[in-house]
Amino acid sequence: MHLSYLLFATLAALRTSVAADTRECNATCRGQIASDWETEQHASTDFAFYNVPSNFSSSLAPGTLLQVERVTNQSLYSVPYGLTLSRIMYTTTDLNGTVIPTSGYVLWPYSPAGSQNSTEGYPMVAWAHGTSGSFKNCAPSNYRNLQYHFMVPFVLALQGNIVVAPDYAGLGVDTLPSGEHIAHPWAAGPAQANDLANAIIAARKAFPEYLKPSGSFVAMGHSQGAETAWGFAERLVKQPIEGYKGTALVAPPTNVIRHIELALESPTEPWALALLAGQPKIISSVTATYPAYNYSGLTPAAYERWVNILKPLSGCFPTDSYIFSDLKPGELAQDGWTKDETVQKYAAAIDIGRKRFKGPLFIAAGTADLAVPIHIVNSVVDDTCAMLKQENWDESLEMITYADMSHFSIIQASQLQWLQWVKDRLSPSCKPLRRGCVKKEMSGFLINQPIRQPFPNFLEGWVSPDEGWKYTL
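Using mature numbering (1 follows the signal peptide of the UniProt record, and there is no 0), the letters of the sequence shown correspond one by one to residues -19 to -1, 1 to 454.
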């Protein structure tokens, strides 16, 4: 599945299951097994849609539409009947301000919320996905189930919303017509915020009859996507987009480098072990933005697995998890790697929170989340709220803490609140929320113990037509 940090708890479970396997199946072997399984989850293996047109130029404006697939072949997807899928390619900007191409999808409801004669267009949710991986094959628009399936995008579309979702730069589209590689800077909130903003602009250009320039929309994201959406809300302060009604965040990290620094101060804490397990992905992201850094923070063992096994496979998060499953957090990165000048430059560039934002913001966080520890979220929210009060921002922020919920269970536990919040914000009768910050706590109805399992306890599946009888289950 997908998660913004490779959790220590999951690694521990994986180590138990692969301990015997490693004698017969090394990291290369495990990588191939996982990669083969990932390939089965892809809608297409040729990735032809993601080839950039030869007329692309870095002088194009961000949000320029490059390619539209108005009706995607849904026989290759597990998108629910009644929904329609489109894909787009458009221009965005990276952390350095360079214009690059990227891709995304648009998921259309059977019956859009609002009037069929609306002159304002139909309501939109700009959805920012959580971690899928770091390479070409990891684009959610080429997963049969669009990665988050019924957890978020299917639910939003089935409720009448048009869902516009970026893949993020480097995922799907990873090569310029010149042959130059586009790397994905994982968890670089401001960069993915650009991708989200430009997806909205491009989708409106692709489908002007349905998505009007002034049409109402909200942004939403989980994990890496929540960081993206928070960065998007900050971006709107200086670069507004018409029709914006607010942003919903579920389990939002704010700066993966700062999180690692905190983890290194308390390396035996469960949450710290979870964060430290994600170091290879972060070091790869620094390299994606500053190529001269060249993975210098990785240990030789981690470098071998990332560069010579995972990267050639274009492996996504499941492959990443399996390849590194037998290494301990201390075997992943060089001592003191976060102190490097380039790493600190990167940390400053990706910082989210403790800045002015365009609200309202809705934040859901779980007390049992090891990937995005609640004390880190609280610290950033409290500091942001103090700034809001001191500087008299005319904005609203609401945070709800969900007792005993972990990184993915928080999505389901908070669905009643975030889905209603989205509906309220997109309603024609929507009224401004009261200025200031509100923090609440919720307890489960009958839950009496924390959910420690970081991932969902289910998989959304797909079978070929000749096995359609399985759907009768």
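Think of the CB as a built atom: it goes at the ideal place given N, C-alpha and C, for glycine as much as any other residue. On a predicted model such as this, the values are computed, not experimentally measured, just so you know.
- In this structure the region 239 to 246 does not lie against the region 135 to 145, because fewer than three pairs of beta carbons, one per stretch, are closer than 8 angstroms.
- Take the alpha-carbon of threonine 365 and the one of alanine 258: they are about 28 angstroms apart.
- DSSP places valine 361 inside the alpha helix (DSSP H), whose first and last residues are 355 to 371.
- Around the beta carbon of glutamine 48, 16 or more other beta carbons lie within 10 angstroms, which makes this residue buried.
- Pairing glutamine 55 with leucine 66, the inter-Cα distance amounts to about 7 angstroms.
- Look at the beta carbons and you see the region 372 to 380 not touching the region 435 to 450: under three pairs across the two are nearer than 8 angstroms.
- Annotated as distal: phenylalanine 37 and lysine 117, with beta-carbon spacing of 8 angstroms or more.
- Judged by DSSP secondary structure, glutamine 205 falls within the alpha helix (DSSP H) whose first and last residues are 205 to 216.
- Note that the region 185 to 200 touches the region 217 to 227; at least 3 beta-carbon pairs, one per stretch, sit closer than 8 angstroms.
- Every beta strand (DSSP E) stretch that sits fully inside the region 390 to 434 and reaches 3 residues is listed by chain position as 417 to 423.
- If you ignore the 5 residues before and after leucine 177, its C-beta comes within less than 6 angstroms of the C-beta of Ala107, Ala109, Pro147, Thr209 and Phe213, all in its own chain and listed in chain order.
- Each of Asp332, Asp385, Asn32 and Pro431 was checked against the Cα of glycine 160, and the nearest Cα belongs to Asn32.
- When DSSP states are grouped into helix, strand and coil, tryptophan 167 belongs to the coil group.
- Rounded to the nearest angstrom, the Cβ distance from methionine 380 to valine 362 is 5 angstroms, consistent with a contact under 8 angstroms.
- Partner residues in the beta bridge of cysteine 297, as assigned by DSSP, are Gly114.
- With a cut-off of 8 angstroms on Cβ pairs, the region 315 to 332 is in contact with the region 258 to 276, counting three or more such pairs.
- Distances from the alpha-carbon of leucine 192 to those of Pro281, Gly95, Lys219 and Asn126 put Gly95 closest.
- With respect to the 8 angstroms criterion, valine 288 and tyrosine 327 are not classified as neighbours on the basis of their beta carbons.
- Going by DSSP, leucine 46 is part of the beta strand (DSSP E) stretching over 46 to 50.
- The three-state secondary structure of glycine 141, taken from DSSP, is coil.
- Here serine 377 is not near leucine 400, since their CB atoms are 8 angstroms or more apart.
- Spanning the alpha carbons of proline 34 and proline 82 requires a straight line of approximately 10 angstroms.
- Tyrosine 71 is bridged by DSSP to Leu46 and Thr83.
- Beyond the five residues adjoining it in sequence on each side, arginine 406 comes within less than 7 angstroms, by CB distance, of Val199, Lys226 and Gly227 in the same chain, given in chain order.
- Separation of threonine 79 and proline 158 (C-alpha to C-alpha, rounded to the nearest whole angstrom) is 15 angstroms.
- Linking glutamine 325 to lysine 451 through their CA atoms gives a straight-line distance of about 52 angstroms.
- For isoleucine 333, there is no enclosing beta strand (DSSP E), as DSSP marks it with neither H nor E.
- According to the DSSP assignment, threonine 228 belongs to the beta strand (DSSP E) that extends over 225 to 231.
- Of the candidates Ala120, Met70, Ser84 and Arg125, the residue whose Cα lies closest to the Cα of glutamate 441 is Arg125.
- DSSP places tyrosine 383 inside the beta strand (DSSP E), whose first and last residues are 377 to 383.
- Following the DSSP letters along the chain, one finds alanine 24 in no alpha helix (DSSP H), marked with neither H nor E.
- Just so you know, the alpha carbons of isoleucine 344 and valine 231 end up roughly 6 angstroms apart.
- Put simply, of Asn77, Thr73, Thr74 and Pro104 the residue whose alpha carbon is nearest the alpha carbon of leucine 88 is Pro104.
- Inclusion of methionine 386 and isoleucine 432 in the CB contact set at 8 angstroms is warranted, their separation being smaller than that value.
- For alanine 283, the enclosing alpha helix (DSSP H) stretches over residues 281 to 286.
- By the CB criterion at 8 angstroms, threonine 156 and histidine 165 fall outside the cutoff.
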